[in-house]
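Just below is one structure, and these are the notes that go with it.
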Amino acid sequence: MASTLFDIDGRVALVTGSSRGIGRAIADGLAEAGAIVVLNGVNAERLAETHADFVARFGADRVFARAFDVTDADAVAAGIAWVEETVGPLRILVNNAGVQHRVPMLDLDVADWERVLKTNLTSAFLVGREAARHMIPRGEGKIINIASVQTDLARPTIAPYTVSKGGIRNLTRAMTAEWAEHGLQINAIAPGYIHTEMTQNLVDDEKFNSWILGRTPAHRWGTIEDLVGPALWLAGDGSKFVNGQVVFIDGGMTVVV
Ligand code: NDP
């Protein structure tokens, strides 16, 4: 029984922002577990490179790629329609695409505030809504929104990011309130400080790096691989009665002061 609870073989999964970083690692983990994966990003060249890499490992019938901007409602609708028609019924969606923007709030431009909220939060609504329109009539679907420790915690210079990730928590709950009765499970993964391109400058900053190590009970940065197990659990049948939760994968950072 345990093996079927975690079996996602042949299920179609779309991971937004999977040309690199955390999204790429989650897509890799889903593909390793047998899912048919659709990669996404905006930079077509980078996406094509990642796609070629995945095809070499998993085969052209197991990995697809579609570049579209997750903040553009029309592009999102066309992207999801393409997945449904070309790849198959979408069963797993990971809303991962996101950006960071570091500046003190007093110096923050409205345009940057809006760009971060649109990319990190509005996108999850747009892609989630479009996916749910297909999943609901079929009575099943998994949506995994990527949150952050900033879902719970604030820090100077990242106001729009913190607001967007707090919003992801309540978007996850709002989706659950409306869609759980149709057989969808919508949950969020909240990674702690994970070493990726996005955080390389922080890893290189000696003061920040030693703060992270001291602040994290596990005394290390997270790796992108640390996120794969929880993603697989939330993507499969083993989490069928888990609804609207935010699972923190942070080495314990948010449970201590
Ligand atoms: P990266 O910067 O490494 O990758 C971001 C990905 O998102 C890229 O594939 C990028 O595509 C894509 N993307 C950005 N904007 C758009 C858009 N408008 N439409 C489609 N795709 C887009 O980020 P990370 O891997 O570090 O972060 C991924 C997610 O994890 C984010 O939501 C982030 O907030 C979250 N997170 C990250 C943590 C960390 O420590 N790194 C910690 C907690 C949460 P392209 O290559 O085309 O630009």
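Note that full-length UniProt numbering has the sequence shown beginning at 1, numbered continuously upward. We treat Cβ as the ideally placed atom computed from N, Cα and C, and that holds for glycine.
Look up residue i in the DSSP assignment and say whether it is helix, strand or coil.
{"i": "Gly139", "result": "coil"}
{"i": "Pro191", "result": "strand"}
{"i": "Asn145", "result": "strand"}
{"i": "Leu121", "result": "helix"}
{"i": "Arg91", "result": "strand"}
{"i": "Ala65", "result": "strand"}
{"i": "Val246", "result": "strand"}
{"i": "Gln185", "result": "strand"}
{"i": "Leu14", "result": "strand"}
{"i": "Gly79", "result": "helix"}
{"i": "Val37", "result": "strand"}
{"i": "Gly166", "result": "helix"}
{"i": "Gly222", "result": "strand"}
{"i": "Phe241", "result": "coil"}
To the nearest angstrom, how far is it from the Cα of residue i to the Cα of residue j?
{"i": "Pro156", "j": "Glu85", "result": "45 Å"}
{"i": "Gly88", "j": "Asn95", "result": "18 Å"}
{"i": "Glu32", "j": "Gly238", "result": "17 Å"}
{"i": "Leu14", "j": "Asp152", "result": "26 Å"}
{"i": "Phe64", "j": "Pro230", "result": "23 Å"}
{"i": "Ala132", "j": "Trp179", "result": "8 Å"}
{"i": "Leu108", "j": "Glu114", "result": "10 Å"}
{"i": "Glu49", "j": "Ala67", "result": "12 Å"}
{"i": "Asp9", "j": "Lys118", "result": "33 Å"}
{"i": "Gly139", "j": "Thr71", "result": "26 Å"}
{"i": "Ile42", "j": "Ala78", "result": "Here the sequence assigns Val to residue 42, which means Ile is not the residue at that position. In a straight line, the C-alpha of Val42 is about 14 Å away from that of Ala78."}
{"i": "Phe248", "j": "Leu234", "result": "13 Å"}
{"i": "Leu106", "j": "Asp112", "result": "13 Å"}
{"i": "Arg129", "j": "Leu39", "result": "19 Å"}
{"i": "Ala81", "j": "Asp69", "result": "14 Å"}
{"i": "Glu181", "j": "Leu5", "result": "20 Å"}
Between the options, which lies nearest to residue i when the distance is taken from Cα to Cα?
{"i": "Thr199", "options": "Thr172, Val99, Pro160", "result": "Val99"}
{"i": "Arg11", "options": "Val116, Ala52, Gly141, Ser3", "result": "Gly141"}
{"i": "Ala147", "options": "Ala190, Asp226, Leu90", "result": "Ala190"}
Only counting the same chain, and skipping five residues up and downstream in sequence, which positions put a Cβ closer than 6 Å to that of residue i?
{"i": "Leu126", "result": "Ala73, Val76"}
{"i": "Gly23", "result": "Val15, Gly17, Asn96"}
{"i": "Val37", "result": "Ala13, Ala27, Leu30, Ala31, Val63"}
{"i": "Val54", "result": "According to the sequence shown, residue 54 is Phe rather than Val. For Phe54, where only same-chain residues beyond five positions count, the Cβ hits under 6 Å are Val63."}
{"i": "Gly192", "result": "Val149, Gly222, Asp250, Gly251, Met253"}
{"i": "Leu184", "result": "Met135, Gly141"}
{"i": "Phe241", "result": "none"}
Near residue i, which residues of its chain fall below 8 Å by C-beta distance, leaving aside the five closest residues on each side in sequence?
{"i": "Gln150", "result": "Ile158, Tyr161, Thr162, Lys165, Gly166"}
{"i": "Ala154", "result": "Thr162"}
Grab me the residues of residue i's own chain with a C-beta within less than 7 Å of its C-beta, minus the 5 sequence neighbours each way, in chain order.
{"i": "Val228", "result": "Ala25, Ile26, Gly29"}
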